[in-house]
Amino acid sequence: MVGGGEGAYIGNIHRIAARQDGALQLVAGAFDVDAARGHKFAASQGLAADRSYGDYKQMLEAELKREDRVDVVAICTPNHTHFPIAKAFLEAGFDVICEKPLTTTLEDAVALDALVKQTGRFMGVTYTYSGYPMIHEAREMVSAGKLGKIRVVQVEYPLEWMATAIESEGNAQAAWRTDPKKSGRGGSIGDIGTHAYHLAGFVTGLKAQAITADLATFVEGRQLDDNAHVMIRYEGGARGLLWSSQVAIGCSNGVRLRVFGEKGSLQWFQENPNDLLFTGLLGRTELIKRGAGDLSEAAKSRTRTPPGHPEGYLEAFANLYSGFAEAINARREGRAPTAIGQNIPLAYDGLKGVAFVDAVVDSSQADGQPWLTPVAV
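Take any residue in the sequence shown, note its place counting from 1, add 1313, and you have its number in our numbering.
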């Protein structure tokens, strides 16, 4: 692991996810820009002293010399460091798991996707919400035509944690997220809007044809957007509406997805992730629950506990990690991956997210007038 040391929220989530199924074991890391603090953290995680490194370059050089070198490197650092770290490890023959957004520039995202194809290495991107069983069930239902032709997609990701200028009050997580040199061109749209964009496309299979956007920065002095409204035109005629916000007081990771077709609709809310609502043309609403016996194999393979025992965010993240591990093992063994290793977010999904952010910022800077086409749909 690179980054994700003491006090880093997402690093701990990665470690929990890796441990849940035992498919991946943490054996080495460069956890902190402060080498001494990183070594102390590595010791607290039970890592051998000679597998704790001061930075990723030191780790790369040392691991290449080991017979028991690491197989996969998880990148849990701020956005602006993703590209150089991923590039170095991919070129050296390592598989990579990377946080989103993939990079801070479209040029770098295109280069990474090309490098993955060139090297034949694996690169997974942690779009967490595609790990939920009922999201896969929704995807299967749309693919099977149960909703008919899709007409409208609405997706939202509102948060409240940056409703005040906490970046100027010593909050390190907020500080780099509001710094364009570290976060990239997008604020809320890059940090959480990309999750929403990926989720909508993952479930519906629709490709964005054009977007128009309105970004706002409500907290005085903040350099990047903290609220985004985006209208999307999909290929085939469907329309989409995406809202991301870091200043929505009363909302805590309120991810919601609604899909409306000619024959029915689906609704999924992360607050109740084990439930999927399907409404047919005649108006009768069916509650589809995680753990039901007639679910798709895609949903069953990601279900961990019997009905009534709630599953949530950590399990969804673990499903991603298990999917990544299965995809890597299947490639090594020359076989097709099982269900858990299929339909997982890869480098190209990360590229699509960066292209989306670029198009959103460009549109908003032009006062939302043009309908801009994301370079990678």
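C-beta atoms are modelled at their ideal positions from N, C-alpha and C, and glycine is treated no differently. As the structure is a prediction and not an experimental result, all values here were calculated from the model.
{"Query": "For N1566, the nearest candidate out of A1513, V1516 and A1509 (CA to CA)", "Result": "A1509"}
{"Query": "Beta-carbon spacing of A1526, A1513 below 8 Å", "Result": "no"}
{"Query": "Residues of its chain near R1498, where Cβ-Cβ distance is below 7 Å and the 5 sequence neighbours each way are ignored", "Result": "V1670, D1671 and V1674"}
{"Query": "Inter-residue spacing [alpha-carbon to alpha-carbon] between G1503 and G1663", "Result": "11 Å"}
{"Query": "A1521 vs I1545 beta-carbon contact at 8 Å", "Result": "yes"}
{"Query": "CA-to-CA distance, M1372 to K1400, given in whole angstroms", "Result": "14 Å"}
{"Query": "Extent of the continuous beta strand (DSSP E) run through A1387", "Result": "V1385 to C1389"}
{"Query": "Same chain, Cβ closer than 7 Å to A1487, five either side skipped, listed in chain order", "Result": "M1475, I1479 and E1480"}
{"Query": "Span of the alpha helix (DSSP H) around F1344", "Result": "No alpha helix (DSSP H) contains F1344, which DSSP labels as neither H nor E."}
{"Query": "Buried versus exposed call for F1396 [16 or more other C-beta atoms within 10 Å across all chains shown]", "Result": "buried"}
{"Query": "Per-residue burial, Y1322 [other beta carbons within 10 Å of its own, 16 or more giving buried]", "Result": "exposed"}
{"Query": "Distance CB(L1727)-CB(A1523) smaller than 8 Å", "Result": "Nothing about residue 1727 can be reported from this structure: the residues present for the chain run from 1314 to 1690 only."}
{"Query": "Inter-residue CB distance, V1572 and T1517 (contact presumed, cutoff 8 Å)", "Result": "6 Å"}
{"Query": "The stretch 1410-1426 in contact with the stretch 1553-1560 per 3-pair CB rule at 8 Å", "Result": "no"}
{"Query": "Assigned exposure category for P1687 - 16 Cβ within 10 Å defines buried", "Result": "buried"}
{"Query": "Delimiting residues of the alpha helix (DSSP H) encompassing W1489", "Result": "A1485 to R1490"}
{"Query": "Own chain residues within Cβ distance below 7 Å of L1589, not counting five before or after", "Result": "M1447, E1450, A1451, L1579, W1581 and I1601"}
{"Query": "Contact under 8 Å by Cβ, L1627 with A1330", "Result": "yes"}
{"Query": "Unbroken stretches of the beta strand (DSSP E), 3 residues or longer, contained in the stretch 1498-1584", "Result": "1521-1529, 1540-1547, 1552-1558, 1569-1574 and 1577-1582"}
{"Query": "Residue environment, E1575, which counts as buried when at least 16 other CB atoms sit within 10 Å", "Result": "exposed"}
{"Query": "For V1386 and Y1369, the rounded distance between their alpha carbons", "Result": "10 Å"}
{"Query": "Cβ neighbours of L1594 in the same chain (closer than 7 Å, five flanking residues each side left out)", "Result": "K1576 and G1577"}
{"Query": "Nearest-angstrom beta carbon gap, R1615 and N1632 [assumed within contact, 8 Å]", "Result": "4 Å"}
{"Query": "Close beta carbons around G1563, own chain, < 7 Å, minus the five adjacent residues each side", "Result": "E1473"}
{"Query": "Nearest to A1638 (by Cα), restricted to the options D1539, G1534 and G1437", "Result": "G1437"}
{"Query": "Buried versus exposed call for K1378 [16 or more other C-beta atoms within 10 Å across all chains shown]", "Result": "exposed"}
{"Query": "According to DSSP, residues forming a beta bridge with P1471", "Result": "S1558"}
{"Query": "Three-state secondary structure (DSSP) of S1677", "Result": "helix"}
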